[in-house]
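Chemist:
Number of protein chains: 2
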Amino acid sequence: MATIAILGAGIMATALTFPLTENGHRVHLVGTHLDQDIIDSIQKTGVHPNLELKVNDGVTAYQLEDADKAFAGADVAMSGVNSFGVHFAGKHLARLVKPGMKVLSITKGMEAEEDGTLHMLPDVLKGFFDPELVEQVTWSAIVGPSIAGEVAVHHDTCVVFCGDDQESLDYLADLFRTDYYHVWTSTDFLGHEIGAATKNIYAFAAGLGQGLLIKEGKEDDKYVRYNYNAAVFAQGQKELRQFMVLLGGVPETADGLGGVGDMFVTSMGGRNVRAGEYVGQGTPFSEVRDNLMKGVTLEGVNAIRVIGGALEPLTERGVISAEDFPLCRYLYDIIENDAPLDMPWDKFFGGEK
Amino acid sequence: MATIAILGAGIMATALTFPLTENGHRVHLVGTHLDQDIIDSIQKTGVHPNLELKVNDGVTAYQLEDADKAFAGADVAMSGVNSFGVHFAGKHLARLVKPGMKVLSITKGMEAEEDGTLHMLPDVLKGFFDPELVEQVTWSAIVGPSIAGEVAVHHDTCVVFCGDDQESLDYLADLFRTDYYHVWTSTDFLGHEIGAATKNIYAFAAGLGQGLLIKEGKEDDKYVRYNYNAAVFAQGQKELRQFMVLLGGVPETADGLGGVGDMFVTSMGGRNVRAGEYVGQGTPFSEVRDNLMKGVTLEGVNAIRVIGGALEPLTERGVISAEDFPLCRYLYDIIENDAPLDMPWDKFFGGEK
Chain A
4 MATIAILGAG
14 IMATALTFPL
24 TENGHRVHLV
34 GTHLDQDIID
44 SIQKTGVHPN
54 LELKVNDGVT
64 AYQLEDADKA
74 FAGADVAMSG
84 VNSFGVHFAG
94 KHLARLVKPG
104 MKVLSITKGM
114 EAEEDGTLHM
124 LPDVLKGFFD
134 PELVEQVTWS
144 AIVGPSIAGE
154 VAVHHDTCVV
164 FCGDDQESLD
174 YLADLFRTDY
184 YHVWTSTDFL
194 GHEIGAATKN
204 IYAFAAGLGQ
214 GLLIKEGKED
224 DKYVRYNYNA
234 AVFAQGQKEL
244 RQFMVLLGGV
254 PETADGLGGV
264 GDMFVTSMGG
274 RNVRAGEYVG
284 QGTPFSEVRD
294 NLMKGVTLEG
304 VNAIRVIGGA
314 LEPLTERGVI
324 SAEDFPLCRY
334 LYDIIENDAP
344 LDMPWDKFFG
354 GEK
Chain B
4 MATIAILGAG
14 IMATALTFPL
24 TENGHRVHLV
34 GTHLDQDIID
44 SIQKTGVHPN
54 LELKVNDGVT
64 AYQLEDADKA
74 FAGADVAMSG
84 VNSFGVHFAG
94 KHLARLVKPG
104 MKVLSITKGM
114 EAEEDGTLHM
124 LPDVLKGFFD
134 PELVEQVTWS
144 AIVGPSIAGE
154 VAVHHDTCVV
164 FCGDDQESLD
174 YLADLFRTDY
184 YHVWTSTDFL
194 GHEIGAATKN
204 IYAFAAGLGQ
214 GLLIKEGKED
224 DKYVRYNYNA
234 AVFAQGQKEL
244 RQFMVLLGGV
254 PETADGLGGV
264 GDMFVTSMGG
274 RNVRAGEYVG
284 QGTPFSEVRD
294 NLMKGVTLEG
304 VNAIRVIGGA
314 LEPLTERGVI
324 SAEDFPLCRY
334 LYDIIENDAP
344 LDMPWDKFFG
354 GEK
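Chains as they are written, first to last, in our numbering: chain A, 4 to 356; chain B, 4 to 356.
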């Protein structure tokens, strides 16, 4: 039996406690400063209020002030926050993680330097650690098409555990594998993080066609806009693959679970898709951000801001051409400049010809 | 102004008359022996009964017995039938097509020899032609994510015109391009036909997860089975790419419109997905075929039968390994042997590890 301590008690972190506890492991779930009500609820009733499910026996919930107790002696230390919490997680985990632990992250996204150089979030996490400690633990992450609630209700889910150290990956995969939670492993750590970060960009784009349909009053018509969505998906997939090559992932990682599979599931719905729908209906993005979806976590929008924002400096430095990433550039124009819906079809797929 | 003669008056053939006529071209739409009522309806009322739309002026509908008149002097001769009609189309077009015409096919799929060797349908069409005539015309096809009705109601659609002759492709693309029908061209004829044929295999698979959800009575639940569908989609995309390499297409054609884009749109719904849903609900496929969907054209099932059926001889000949194409092999087992729903997850993505 292993002990897994998780910082962050959001729905994904909590969903992952199901396979772990069903395999007989002990989970210490530590809320952030934003999770106080969640921890309170789990401590009192066992129910995660956002997931709307009772967690299994074997999960112990801790408020942040008890984090030291929760992480003491853990075999696995998980970063369970989203991309907005990566600095928070880095600061706390740098103190909570001890030599010999296996660090496992579900925090996805990238950060950019001013010149456009992009870093995957596990590396951002590492930046908070004492350099000696960085070497005394192993680093891994979970990626792949995985809606948290579906994991929690035991629906088949296929994911990839990626990292530098195959032995740790095998150990971690073994902790999680059940008859519904299917785990593959890969040492293409960077490539899988690139896929996990960039697929969120295209989730926002996946809502635009549906928004247009709503604007036209045609959402219940016989003929909808699957052709539109498919073309956007295809261009998104092309760009995801190009990001993979540009940033140093293994090109094949753009295929399969960590690339196109994750992009597929992210395009099926959720907050980023809904934000795209509003824009498709004709709402300026600033209005979505400041009113309609004020305070809602939009990881896709954040990915567009960070990664899309890096494209201009990368172009100026000659790393990419001005014709590269036309969809990502257009999405950036939507969220930064309130660009209206006017899909640049003729720039897609290398330019219409 | 060009004259385009189309053999076959199904919904896709008819949908394509919209961009053509809106560009000022003349279309002669010739029904097959199965299309008599359609032609009758268009001749009397202008309405295509399955598409439920009135065709534009500029479309003239012909019964099969008037095909010679319809094709006389045409600039473009189109095969507008589905894969089940390829022999029919071959026999008739071999007579109707004259030197100098541009042959353009929307007939997608493959045919297999006994040893598993697969042929794309434009080559099957060619086989009916006098060898001299084969050289006196040019050969092209339309592929990409395109639901017919959406084209007909002017919803943005991105497609690829593929063929051997770039000049013909440019000419044909120019006939069709409008502000909603976006056309790219490619001389990877074989690769695009492989994508168009194999994507249908995975459309059937796209229905299985939804069927399982219905069987469980959970289709209106908060948590559905997008993770399931995404993993199936990802494995399907991996196999589509492997088919591309195996059969001699350009690997990159598995990306973009002709590969993943077309697979995406085909997975969103339609008859093949519905057939998969029945199997997901626990109905043996033979029951779907012989009762529930008797007489319904299932191109995906046909693709599984032909291409899936070729895998065993190809394995015996050592062309592929027994571990290759686990999803396609399983789908073949469903439609040929009434295999129940039991997704072979552990064989996907090179084997769970």
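Idealized CB from N, CA, C, for every residue including glycine.
(1) With distances taken Cα to Cα, identify the nearest neighbour of histidine 36 of chain B among B/Gly61, B/Arg320, B/Gln66 and B/Pro52.
(2) Please tell me whether glycine 147 of chain B and cysteine 161 of chain B are closer than 9 Å, where the distance is taken between their beta carbons.
(3) Assign arginine 277 of chain A to buried or exposed, taking buried as 16 or more other Cβ atoms, counted over all protein chains shown, within 10 Å of its Cβ.
(4) Of all the options B/Ser143, B/Ala77, B/Ala80 and B/Ile217, which has the alpha carbon lying nearest to the alpha carbon of threonine 188 of chain B?
(5) Can you pull the chain A neighbours of leucine 260 of chain B, defined as C-beta to C-beta under 7 Å?
(6) For isoleucine 150 of chain B, which residues in chain A fall below 8 Å Cβ to Cβ?
(7) Are asparagine 358 of chain A and glutamate 302 of chain A closer than 9 Å when you measure CB to CB?
(8) So with Cβ pairs under 9 Å, would you call alanine 144 of chain A a contact of chain B?
(9) What in chain A is Cβ-close to cysteine 165 of chain B, meaning under 9 Å?
(10) Taking the Cβ atom as the reference point for each residue, do phenylalanine 74 of chain B and lysine 101 of chain B lie within a distance shorter than 9 Å?
(11) Can you list, in chain order, the residues of the stretch 265-283 of chain A whose Cβ is nearer than 9 Å to any Cβ on chain B?
(12) Going by DSSP, what residue range makes up the beta strand (DSSP E) through valine 140 of chain B?
(13) Can you give me, in chain order, the residues of the stretch 319-350 of chain A that have a beta carbon less than 9 Å from any beta carbon in chain B?
(14) For alanine 199 of chain B, tell me which candidate among B/Met123, B/Val30 and B/Ala115 has the shortest Cα-Cα distance.
(15) With distances taken Cα to Cα, identify the nearest neighbour of glutamate 319 of chain B among B/Glu138, B/Asp118 and B/Ile42.
(16) If distances are taken between C-alpha atoms only, which option among A/Thr17, A/Gly252, A/Val89 and A/Met247 comes closest to phenylalanine 328 of chain A?
(17) Which residue comes first and which comes last in the alpha helix (DSSP H) that contains glutamate 319 of chain A?
(18) Hey, could you find the ends of the alpha helix (DSSP H) histidine 36 of chain A is sitting in?
(19) Does the beta carbon of threonine 17 of chain B come closer than 9 Å to any beta carbon on chain A?
(20) Considering only residues of the same chain and omitting the five flanking positions on each side of alanine 8 of chain A, which have a CB-CB separation below 6 Å?
(21) Using a Cβ-Cβ cutoff of less than 8 Å, which residues in the same chain neighbour glutamine 169 of chain B once the five nearest sequence positions on both sides are dropped?
(22) Since valine 163 of chain A and histidine 195 of chain A are thought to touch, with beta carbons under 8 Å apart, how far apart are those beta carbons, to the nearest angstrom?
(23) What number of angstroms, rounded off, separates the C-alpha of proline 347 of chain A from the C-alpha of glycine 354 of chain A?
(24) So is glutamate 68 of chain A in contact with chain B if we call contact Cβ pairs under 9 Å?
(25) Just mark lysine 47 of chain A as buried or exposed, buried being the case when its beta carbon has 16 or more other beta carbons within 10 Å.
(26) Going straight from the alpha carbon of phenylalanine 179 of chain A to that of leucine 334 of chain A, what length do you get?
(27) Taking 9 Å as the cut-off, decide whether the C-beta atoms of methionine 15 of chain A and isoleucine 109 of chain A are in contact.
(28) Kindly list, in the order they appear in chain B, the residues whose Cβ is closer than 8 Å to that of glutamine 213 of chain A.
(29) Chain A partners of lysine 241 of chain B, CB-CB under 7 Å?
(30) Output the distance between the C-alpha atoms of leucine 96 of chain A and isoleucine 310 of chain B, rounded to the nearest integer angstrom.
(31) Could you check if glycine 251 of chain A is buried or exposed, using at least 16 other CB atoms within 10 Å of its CB as the buried criterion?
(32) Would you tell me roughly how many angstroms separate the C-alpha atoms of leucine 19 of chain B and glycine 283 of chain A, rounded to the nearest one?
(33) Relative to the C-alpha of glutamate 290 of chain A, which residue among A/Ala342, A/Gly166, A/Ala209 and A/Ser149 is closest?
(34) Below 7 Å CB to CB, which residues in the same chain sit around valine 253 of chain A once its five sequence neighbours on both sides are set aside?
(35) Quick test of your reading: valine 89 of chain A and valine 127 of chain A, contact by CB under 8 Å. State the CB separation rounded to the nearest angstrom.
(36) If you run the structure through DSSP and keep just helix, strand and coil, what is histidine 31 of chain A?
Modeler: Inspection of the coordinates gives the following:
(1) For the purposes of this step, residue 36 of chain B is identified with residue 33 of the second sequence, where counting begins at 1. Checking every option, the nearest Cα to that of histidine 36 of chain B belongs to B/Gln66.
(2) On the second sequence, residue 147 of chain B is found 144 positions in, with the first residue counted as 1. On the second sequence, residue 161 of chain B is found 158 positions in, with the first residue counted as 1. Yes, the pair counts as a contact, with Cβ atoms nearer than the cut-off.
(3) Your numbering for residue 277 of chain A matches position 274 in the first sequence. Answer is buried; the Cβ neighbour count reaches 16.
(4) Start at 1 with the first residue of the second sequence, and residue 188 of chain B comes out as number 185. Checked all of B/Ser143, B/Ala77, B/Ala80 and B/Ile217; the closest Cα to threonine 188 of chain B is B/Ser143.
(5) Your numbering for residue 260 of chain B matches position 257 in the second sequence. Those within 7 Å of leucine 260 of chain B in chain A are Ala234, Ala237 and Phe352.
(6) Counting from one through the second sequence, the residue named residue 150 of chain B turns up at place 147. In chain order: Tyr226, Tyr229 and Asn230.
(7) Past the edges of chain A, shown from 4 to 356, lies residue 358 of chain A, and the structure says nothing about it.
(8) By 1-based counting over the first sequence, the position of residue 144 of chain A is 141. For alanine 144 of chain A, the answer is no, since every Cβ of chain B falls outside 9 Å of its Cβ.
(9) Position 162 of the second sequence, counted from the start, is the residue given in the question as residue 165 of chain B. Per Cβ cutoff of 9 Å: no residues; cysteine 165 of chain B is ~13 Å from chain A at best.
(10) Within the second sequence, the letter at position 71 stands for residue 74 of chain B. Within the second sequence, the letter at position 98 stands for residue 101 of chain B. In contact: phenylalanine 74 of chain B and lysine 101 of chain B (Cβ atoms closer than 9 Å).
(11) Asp265, Met266, Phe267, Val268, Thr269, Ser270, Met271 and Gly272
(12) On the second sequence, residue 140 of chain B is found 137 positions in, with the first residue counted as 1. Premise fails: valine 140 of chain B is in no beta strand (DSSP E) and is neither H nor E.
(13) Met346, Trp348 and Asp349
(14) For the purposes of this step, residue 199 of chain B is taken as residue 196 along the second sequence, with counting starting at 1. Here the closest residue by C-alpha is B/Met123.
(15) Along the second sequence, read from residue 1 onward, the residue named residue 319 of chain B stands at position 316. Comparing Cα positions, the closest option is B/Asp118.
(16) Sequence index remark: in the first sequence, residue 328 of chain A carries index 325 (1-based). Residue A/Met247 is the option with its Cα nearest to phenylalanine 328 of chain A.
(17) To locate residue 319 of chain A, count along the first sequence from 1; it is residue 316. Glutamate 319 of chain A -> alpha helix (DSSP H) spans 312-319.
(18) On the first sequence, position 33 is the one that residue 36 of chain A refers to. Looking at the DSSP string, histidine 36 of chain A is not in any alpha helix (DSSP H), and its letter there is neither H nor E.
(19) Stepping through the second sequence from its first residue, residue 17 of chain B is reached at position 14. No - not a single Cβ of chain A is within 9 Å of the one on threonine 17 of chain B.
(20) The residue given as residue 8 of chain A occupies position 5 in the first sequence. Cβ within range, chain order: His31, Ala73, Phe74, Ala77 and Ala80.
(21) Here residue 169 of chain B refers to the residue found at position 166 of the second sequence. The residues are Thr188 and Thr190.
(22) Walking along the first sequence from the start, residue 163 of chain A turns up at place 160. Walking along the first sequence from the start, residue 195 of chain A turns up at place 192. Valine 163 of chain A to histidine 195 of chain A, Cβ: 6 Å. Contact.
(23) Within the first sequence, residue 347 of chain A is the residue found at index 344, counting from 1. Within the first sequence, residue 354 of chain A is the residue found at index 351, counting from 1. Using only the alpha carbons, I get a separation of about 10 Å.
(24) Walking along the first sequence from the start, residue 68 of chain A turns up at place 65. No, its Cβ sits nowhere closer than 9 Å to a Cβ of chain B.
(25) To locate residue 47 of chain A, count along the first sequence from 1; it is residue 44. So lysine 47 of chain A counts as exposed.
(26) Your numbering for residue 179 of chain A matches position 176 in the first sequence. Your numbering for residue 334 of chain A matches position 331 in the first sequence. Their Cα atoms are separated by approximately 36 Å.
(27) Residue numbering aside, residue 15 of chain A sits at position 12 when the first sequence is read from its first letter. Residue numbering aside, residue 109 of chain A sits at position 106 when the first sequence is read from its first letter. A contact, by the Cβ cut-off of 9 Å.
(28) What you label residue 213 of chain A is simply residue 210 of the first sequence in a count that begins at 1. Ordered by position in chain B, no residue passes the 8 Å Cβ test against glutamine 213 of chain A, which lies about 12 Å from the chain.
(29) In the second sequence, counting from the first residue as 1, residue 241 of chain B sits at position 238. Simply Asp258 and Gly259.
(30) The residue given as residue 96 of chain A occupies position 93 in the first sequence. The residue given as residue 310 of chain B occupies position 307 in the second sequence. Cα to Cα, the separation comes out at about 52 Å.
(31) Looking up residue 251 of chain A in the first sequence gives position 248. Classification of glycine 251 of chain A: exposed, given that the 10 Å Cβ count is below 16.
(32) Here residue 19 of chain B is taken as the residue at index 16 of the second sequence, counted from 1. Here residue 283 of chain A is taken as the residue at index 280 of the first sequence, counted from 1. Each residue's alpha carbon lies about 26 Å from the other.
(33) Counting from one through the first sequence, the residue named residue 290 of chain A turns up at place 287. Minimum Cα distance to glutamate 290 of chain A is reached at A/Ala342.
(34) Locating residue 253 of chain A in the first sequence gives position 250, where the first residue counts as 1. Answer for valine 253 of chain A: Asp191 and Gly194, listed in chain order.
(35) For the purposes of this step, residue 89 of chain A is taken as residue 86 along the first sequence, with counting starting at 1. For the purposes of this step, residue 127 of chain A is taken as residue 124 along the first sequence, with counting starting at 1. 5 Å between Cβ atoms; contact.
(36) Within the first sequence, the letter at position 28 stands for residue 31 of chain A. Reduced to three states, the DSSP call for histidine 31 of chain A is strand.
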